[in-house]
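> The structure under discussion is supplied below as structure tokens; questions concerning it will follow.
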Amino acid sequence: MTDREQLAPEGGLEGVGVNLERYLAARLGPLAFFLLVVVAISAPLVYLGMGVKTIRTRASSTAKLVAELIHEEAQQRPVLWRYDAPKLLRHVSLQTQHQSIVRIDLTDEDGRLIELGQAPPGNADRQLLWYWEPIELEREVGRVWVGVTSRDVERQASLIFLGFAALGALLAGVMYALPLKAIIEAEQRIDASQSALEHLNTNLEATVVVRSSQLQEALEEVRDKEQRLRDLSGRAVAMQEAERRSLSRELHDSAGQALTAIRINLQLLAEIAGNPSAKTMATRTMELADSTLEEIRRVVDRLAPAVLDDLGLQGAVERHCDDFSERTGVEIDYAFADLDKPGVDTGVETAAYRIVQESLTNVARHAKAERVEIHLRRLDAGSLHDRISIEIVDDGEGFDVEQVRAKGRRGLEGMRERVELLGGTIEISATPGEGASIRVELPVKPDSV
Numbered sequence: 117m118t119d120r121e122q123l124a125p126e127g128g129l130e131g132v133g134v135n136l137e138r139y140l141a142a143r144l145g146p147l148a149f150f151l152l153v154v155v156a157i158s159a160p161l162v163y164l165g166m167g168v169k170t171i172r173t174r175a176s177s178t179a180k181l182v183a184e185l186i187h188e189e190a191q192q193r194p195v196l197w198r199y200d201a202p203k204l205l206r207h208v209s210l211q212t213q214h215q216s217i218v219r220i221d222l223t224d225e226d227g228r229l230i231e232l233g234q235a236p237p238g239n240a241d242r243q244l245l246w247y248w249e250p251i252e253l254e255r256e257v258g259r260v261w262v263g264v265t266s267r268d269v270e271r272q273a274s275l276i277f278l279g280f281a282a283l284g285a286l287l288a289g290v291m292y293a294l295p296l297k298a299i300i301e302a303e304q305r306i307d308a309s310q311s312a313l314e315h316l317n318t319n320l321e322a323t324v325v326v327r328s329s330q331l332q333e334a335l336e337e338v339r340d341k342e343q344r345l346r347d348l349s350g351r352a353v354a355m356q357e358a359e360r361r362s363l364s365r366e367l368h369d370s371a372g373q374a375l376t377a378i379r380i381n382l383q384l385l386a387e388i389a390g391n392p393s394a395k396t397m398a399t400r401t402m403e404l405a406d407s408t409l410e411e412i413r414r415v416v417d418r419l420a421p422a423v424l425d426d427l428g429l430q431g432a433v434e435r436h437c438d439d440f441s442e443r444t445g446v447e448i449d450y451a452f453a454d455l456d457k458p459g460v461d462t463g464v465e466t467a468a469y470r471i472v473q474e475s476l477t478n479v480a481r482h483a484k485a486e487r488v489e490i491h492l493r494r495l496d497a498g499s500l501h502d503r504i505s506i507e508i509v510d511d512g513e514g515f516d517v518e519q520v521r522a523k524g525r526r527g528l529e530g531m532r533e534r535v536e537l538l539g540g541t542i543e544i545s546a547t548p549g550e551g552a553s554i555r556v557e558l559p560v561k562p563d564s565v
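Numbering-wise, our numbering comes out as the position in the sequence shown, counting from 1, plus 116.
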């Protein structure tokens, strides 16, 4: 069974398990035979019918002619016409000579041959077709019989039958063979196309397998490179944080302590100075030292927020929000969930804290907001998808994200780079006049990404 037989839908020509060639051959066979029979017998039958009709007409005319001649002869020679009847019949036979007219006989009213006294011709030769015409002979009534044969017509009809049978066979063969040939050629083309498709499918499958293997290898290579880059970035971030912590400690231990000592000395100088101008100068210098110490604390806090070590992520964010609100007058609503659970990488906590710092700095510089909402949550703690979610929303002036991205604002781009280095995701949404929002998710263990 071919594939076309197997795939043929139910109710179709091939739905019964027979291919199209056999199906068509089974139906063309009877049609071809019918055409052969019709072509072979139609013309001979017509010829035979017309020939027999012609013979009958000729026999009837001959019988009538003989009857008229004998009747005239009998009137002219009432006694002697019987003796001359055979000669008269032979004469008429010669005049009406035709291959189909075989005999002309004369019988009396009892059916006896007048000249021979034999049985009626209808009983004597049943192979002939007999036609008669009535005749009055003196006081007797007789019949003129004309016997004809249809053998010549039948012989001609047979020859015509043979010719038309050959023609019918030719036409039937053409009618049978041409559609089958077309179907066979079509099936061969379909088989060739199907074989080509199967070959292409096999090659395609092999190509797909090879290409898939190559793509898989390339994907694994990209993943390896991405992981190496992430590891390298993580180490770079860790080194950067370590450098910041070192610089923070140096500022705190050296510059901070030196300024503190200077302030103490200035305070003592102001107390012992007798000159009011010197006392005033010492007081102003102490205020300048206090301002410088405060700025150093802010720088130290931005370089390495020691508050994270002291208060943890939640406490550090709360303190920073309170300080920001007190300093700028912007109302801040913050909420936390499950941040006290252990297992968060130090670099991730630092990144989360700095994202909050940078976001509030942008609010103070650009947003002109009156209210900010900050939400920090620990999601799926303890699972492979353990992460920290940060959401910051303000009601400020908003901005066009595409324009800001095209300008390459360092604050937002730095935030995005920090998140991507840790394997996290960041989404920044803003509409001019309708505020802005930042949504960040950071894995608690960057190495697990």
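Cβ atoms here follow ideal geometry from the backbone N, Cα and C, with glycine treated the same way.
Please report the residue range of the alpha helix (DSSP H) in which VAL517 lies.
517-523 is the extent of the alpha helix (DSSP H) around VAL517.
> Going by beta carbon distance, what residues of the same chain come within less than 6 angstroms of VAL472, once the five residues before and after it are set aside?
Excluding positions up to five away in sequence, the list reads VAL433.
> I need the DSSP call for THR541, collapsed to helix, strand or coil.
Here THR541 sits in strand by DSSP.
> Please report the straight-line C-alpha distance between PRO160 and SER274, rounded to a whole angstrom.
In a straight line, the C-alpha of PRO160 is about 7 angstroms away from that of SER274.
> Report, in whole angstroms, the separation of the C-beta atoms of ILE388 and ALA405, which I expect to be a contact under 8 angstroms.
At roughly 18 angstroms, the Cβ-Cβ gap does not stay under 8 angstroms, so ILE388 and ALA405 are not in contact.
> Relative to the alpha-carbon of ILE490, which residue among ASP496, LYS484, SER393, VAL479 has its alpha-carbon at the smallest distance?
Nearest option by C-alpha distance: VAL479.
> If distances are taken between C-alpha atoms only, which option among LYS169, PHE277, GLY539 comes closest to SER158?
The option with the nearest alpha carbon to SER158 is PHE277.
> Do you know how far the Cα of ARG494 is from the Cα of LEU500?
Distance between the alpha carbons of LEU500 and ARG494: 13 angstroms.
> Thinking VAL488 and ASP510 are a contact (beta carbons under 8 angstroms), I'd like their distance in whole angstroms, please.
About 5 angstroms; that satisfies the 8 angstroms criterion.
> Would you please state the rounded distance, in angstroms, between the beta carbons of ILE508 and ILE542? I believe it to be under 8 angstroms.
So it is not a contact: roughly 11 angstroms between Cβ atoms.
> Going residue by residue through the segment 370-394, where are the continuous alpha helix (DSSP H) segments of at least 4 residues, counting only ones entirely within it?
Correct list: 373-388.
> Kindly indicate which three-state DSSP category SER116 falls into: helix, strand or coil?
Limits of the chain in this structure are 117 at one end and 565 at the other, which puts residue 116 out of reach.
> Answer yes or no: do SER349 and LEU537 have a C-beta to C-beta separation smaller than 8 angstroms?
In contact: SER349 and LEU537 (Cβ atoms closer than 8 angstroms).
> Specify the secondary structure class of LEU495 as computed by DSSP and reduced to three states.
It is a strand residue.
> Using DSSP with H/G/I as helix, E/B as strand and the rest coil, what is PRO295?
Note: PRO295 maps to helix in three-state DSSP.
> Looking only at its chain, what residues have a beta carbon closer than 6 angstroms to the beta carbon of ALA546, apart from the 5 residues adjacent to it on each side?
Contacts found: GLY514, PHE515, VAL517, ALA552.
> Taking the C-alpha atoms as reference points, what is the distance between ARG400 and LEU528?
Cα to Cα, ARG400 sits roughly 39 angstroms from LEU528.
> Give the range of the beta strand (DSSP E) segment to which ARG470 is assigned.
Looking at the DSSP string, ARG470 is not in any beta strand (DSSP E); the run it does join, the alpha helix (DSSP H), is 462-478.
> Under a Cβ-count criterion, where at least 16 other Cβ atoms within 10 Å of its own Cβ denotes burial, should MET531 be classed as buried or exposed?
By the neighbour-count rule (16 or more Cβ atoms within 10 Å), MET531 is buried.
> Buried or exposed for PRO237, please, with buried defined as at least 16 other CB atoms from any protein chain shown within 10 angstroms of its CB.
Residue placement at PRO237 is poorly supported in this model, since its pLDDT is 47, which falls under 50; the coordinates still yield a value, given next. By the neighbour-count rule (16 or more Cβ atoms within 10 Å), PRO237 is buried.
> Could you tell me whether the Cβ atoms of ALA468 and ILE506 are closer together than 8 angstroms?
Their beta carbons are under 8 angstroms apart, which means ALA468 touches ILE506 by this criterion.
> Between which two residues does the beta strand (DSSP E) holding LEU558 run?
From DSSP, the beta strand (DSSP E) with LEU558 extends over 552-559.
> Kindly list the residues whose CB is nearer than 7 angstroms to the CB of GLU550, restricted to its own chain and excluding five residues on each side of it in sequence; keep chain order.
Cβ neighbours of GLU550 beyond the five flanking positions: GLY514.
> With distances taken from CA atoms, which of VAL162, LEU287, PRO250, ALA156 is nearest ALA179?
Checked all of VAL162, LEU287, PRO250, ALA156; the closest Cα to ALA179 is PRO250.
> Below 6 angstroms CB to CB, which residues in the same chain sit around ALA148 once its five sequence neighbours on both sides are set aside?
Hits under 6 angstroms: ALA288, MET291, TYR292.
> Could you tell me the boundaries of the beta strand (DSSP E) in which ARG503 lies?
Element bounds for ARG503: 503-510.
> Within its chain, find whatever has a CB closer than 8 angstroms to the CB of SER441; leave out the 5 residues flanking it on each side and keep chain order.
GLU447, ILE448, listed in sequence order.
> What first and last residue would you give for the beta strand (DSSP E) that runs through ALA453?
It spans 447-453 - the beta strand (DSSP E) in which ALA453 sits, taken as one unbroken run.
> How many Å lie between GLN330 and LEU316 at the Cα?
Cα to Cα, the separation comes out at about 20 angstroms.
> Let's test the definition: count the other Cβ atoms within 10 Å of the Cβ of GLY539 and tell me whether it reaches 16, buried, or not, exposed.
Flag for GLY539 reads buried.
> Check whether the Cβ of ALA354 lies closer than 8 angstroms to any Cβ atom in chain D.
The displayed structure is made up of one protein chain only, and chain D is not part of it.
> Taking just the CA atoms, how far does ALA312 sit from GLY145?
Cα-Cα distance, rounded: 33 angstroms.
> Taking the DSSP output, what are the residues bridged to ALA546?
Answer by DSSP bridge pairing, in chain order: ALA552.
> Hey, out of ARG346, GLY167, PRO392, whose CA is closest to GLN272's CA?
Closest by alpha carbon: GLY167.
> Is ASP347 near the ligand SAH, in the sense that its beta carbon is under 7 angstroms from a heavy atom of that ligand?
No copy of the ligand SAH occurs in the structure displayed, which carries no ligand at all.
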